[in-house]
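Let me begin by presenting the structure, written as structure tokens, before commenting on it.
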Amino acid sequence: MEGCTRPPPLSAINTDKAGNRDVPVLADVRHEWEFVKPGIEQILAASPTLTYRVEDVYAACVHNEAHLWTSRDGFVVTTTELDTYTGEKTFLFWIAWASQRGSALSVAHRKFFEDVARETGHTKVEVRTAVPEVAEFLKNSNWQLSENVFVRDLY
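As structure tokens, then:
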């Protein structure tokens with residue numbers, strides 16, 4: 000999470016350009032923890048290869064290394080990754096959870112997050128997933144597959 004930047008002012012992102020309020024809101028994890036924690040626990044239980052703990056997410060958000068976005072139907076935690084060689088910033092969707100799986104929240108809020116990324120100096124958006132349905136959806140939605148990562152335990 001090195002290279003994370005502070006979030007832009009709330010006034011710039013609580014509504015979309017048309018003034019719609021049904022958009023994700025930058026939230027304080029300390030006030031939203033009872034909503035967020037069970038979703039993170041659900042994600043971790045379904046994905047045993049993930050190495051972070053629920054407390055890591057809380058700490059990252061409190062220390063502005065990650066940003067919590069909430070909507071009435073779910074939440075997203077984003078971070079910024081800095082390319083060591085080019086200096087370009089990537090807006091990374093670290094964690095995404097919806098109260099109703101398959102509700103396509105990412106589709107509903109895609110433009111919102113792309114606008115936030117542009118306005119905060121990012122040149123790319125990135126999603127990492129181990130969920131085959133999400134990967135297939137992204138492939139069919141003009142996302143480029145950047146790399147495949149394979150891991151083998153040595154013990």
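Note that numbering that gives the first Met the number 0 numbers the sequence shown so that position 33 is 32, with each residue one more than the last.
Even for Gly, the Cβ is constructed at its ideal location relative to N, Cα and C.
All figures in this text were calculated on a predicted structure; none of them were measured in a lab.
In chain order, what residues of the same chain have a beta carbon less than 7 Å from the beta carbon of residue i, not counting five sequence neighbours either side?
{"i": "Phe23", "result": "In the sequence as displayed, the identity of residue 23 is Pro instead of Phe. Result list for Pro23: Trp68, Thr69, Ser70, Val75, His108, Phe111, in chain order."}
{"i": "Ala26", "result": "Leu67, Trp68, Thr69"}
{"i": "Ser98", "result": "Asp72, Gly73"}
{"i": "Thr85", "result": "none"}
{"i": "Leu144", "result": "Lys138"}
{"i": "Trp32", "result": "Tyr57"}
Are the beta-carbon atoms belonging to residue i and residue j less than 8 Å from one another?
{"i": "Val56", "j": "Ile94", "result": "yes"}
{"i": "Lys36", "j": "Val53", "result": "yes"}
{"i": "Thr79", "j": "His121", "result": "yes"}
{"i": "Leu137", "j": "Val126", "result": "yes"}
{"i": "Ala58", "j": "Thr77", "result": "no"}
Given a threshold of 16 other Cβ atoms within 10 Å of its Cβ, counted over all protein chains shown, does residue i qualify as buried or as exposed?
{"i": "Lys88", "result": "buried"}
{"i": "Leu104", "result": "buried"}
{"i": "Ala44", "result": "exposed"}
{"i": "Leu153", "result": "exposed"}
Closer than 8 Å, CB to CB, is residue i near chain C or not?
{"i": "Tyr154", "result": "The chain inventory of the structure shown lacks chain C, comprising one protein chain alone."}
Leaving out five residues on either side along the sequence, give the residues of the same chain with a beta carbon under 6 Å from the beta carbon of residue i.
{"i": "Asn134", "result": "A small fix is needed here, since residue 134 is Ala in this sequence, not Asn. Closer than 6 Å at the Cβ level, and outside the excluded window around Ala134, lie Thr128."}
{"i": "Ser46", "result": "Ala129"}
Can you name, in chain order, every residue of its own chain whose Cβ lies under 8 Å from the Cβ of residue i, other than the five neighbours on each side?
{"i": "Gly2", "result": "The pLDDT assigned to Gly2 is 40, lower than 50, so where the model puts this residue is not dependable, and the model offers no usable value."}
{"i": "Ile42", "result": "Leu49, Ile94, Trp96"}
{"i": "Glu113", "result": "Val124"}
message: List, from N- to C-terminal side, the beta strand (DSSP E) runs of 3 residues or more that fit wholly inside the stretch 48-97.
response: 66-70, 73-81, 88-97
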